[in-house]
Amino acid sequence: MKSFLKYLPIIFLFLVGLSLSLKNAPALASGQSELSIYLPIIIDRVFINPGFEEGSIGWELQSNQGDNMVTTTESHAGLHSAALGNGASHRIASLSQVVTVPFDSYAVSYYQKITSTENCPSKNVVNVYINTHIYQHYNICSDSSSTDWVKKVIYLAPYTGQRVIFRLQFASSDSSGNHIYVDDFAFESP
Ligand SMILES: [Ca+2]
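Right, dumping it as structure tokens:
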């Protein structure tokens with residue numbers, strides 16, 4: 001509920017802009033009005049479908065094992081999350097979304113739930129891509145294993161104001177039993 005309230009001003013602006021556009025559409029079509037209405041680009045400040053409750057909408061999901069990644073096995077909020085690591089070995093799975101990084105809220109936060117019994121460092125890695133290059137990476141191993149969801153934050157200060165592809169890619173080792181589920185992506189103030 002708290003996160004929904006945060007988006008209310010954005011939704012309000014979007015609806016006002018949309019209703020004004022629709023209202024003036026016939027006048028513009030008949031050439032009787034030069035009034036232009038612009039929708040607020042502020043809509044880019046949020047992730048679309050941040051908690052996977054609408055399936056894959058807004059995301060590009062890729063898995064070398066043929067699954068669609070959206071799962072009800074785990075969820076931080078709602079019923080769904082994305083299974084980057086689902087316990088299978090030799091897995092390469094990624095999710096990405098095109099976003100515009102806000103100047104004042106350039107920290108991408110999300111929740112992850114990790115299960116792993118492999119010693120650290122392991123060959124289970126999450127690469128954080130910005131566009132086509134690796135911006136950060138972190139290991140998935142016993143030290144990061146937890147029965148709880150843990151908040152993760154990626155600071156995108158070098159990309160403020162830029163429209164980029166934000167992508168998480170998980171690659172698992174040749175051992176099974178490494179899980180990483182992610183949910184509830186958001187931009188927040190650092
Ligand atoms: Ca969810």
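Using the numbering used here, the letters of the sequence shown correspond one by one to residues 1 to 190. All C-beta atoms, glycine included, are put in the ideal place defined by N, C-alpha and C. This one's a predicted model, so the numbers in the text were calculated from it and none came from an experiment.
### Task
Give a yes or no on whether the C-beta atoms belonging to C141 and P121 are separated by under 8 Å.
Residue 141 sits at position 141 when you count from the first residue of the sequence shown. Residue 121 sits at position 121 when you count from the first residue of the sequence shown. Contact: yes.
#### Entry: Identity of the residues DSSP links to K151 by a beta bridge
For this step, residue 151 is matched to residue 151 along the sequence shown. DSSP output for K151 lists Y111 as bridge partner(s).
### Query
So does S109 have its beta carbon nearer than 7 Å to some heavy atom of ligand 1?
Sequence index remark: in the sequence shown, residue 109 carries index 109 (1-based). No, Cβ of S109 sits at least 7 Å from all heavy atoms of ligand 1.
### Query
So does A88 have its beta carbon nearer than 7 Å to some heavy atom of ligand 1?
Here the question's residue 88 lines up with position 88 in the sequence shown. Because no heavy atom of ligand 1 lies under 7 Å away, the Cβ of A88 does not count as near it: no.
### Query
Would you say the beta carbon of E74 comes nearer than 7 Å to a heavy atom of ligand 1?
Counted from its first residue, the sequence shown places residue 74 at position 74. No, since every heavy atom of ligand 1 falls outside the 7 Å radius drawn around the Cβ of E74.
### Task
Ignore the nearest five residues each way along the sequence and tell me which others in M69's own chain have a CB closer than 7 Å to its CB.
In the sequence shown, the residue the question calls residue 69 occupies position 69. Answer for M69: L61, S63, A82, A83, A93, L95, listed in chain order.
### Query
Cβ of E53 versus every heavy atom of ligand 1: is any distance shorter than 7 Å?
Taking the sequence shown and counting its residues from 1, the one referred to as residue 53 is at position 53. Result yes, Cβ under 7 Å from ligand 1.
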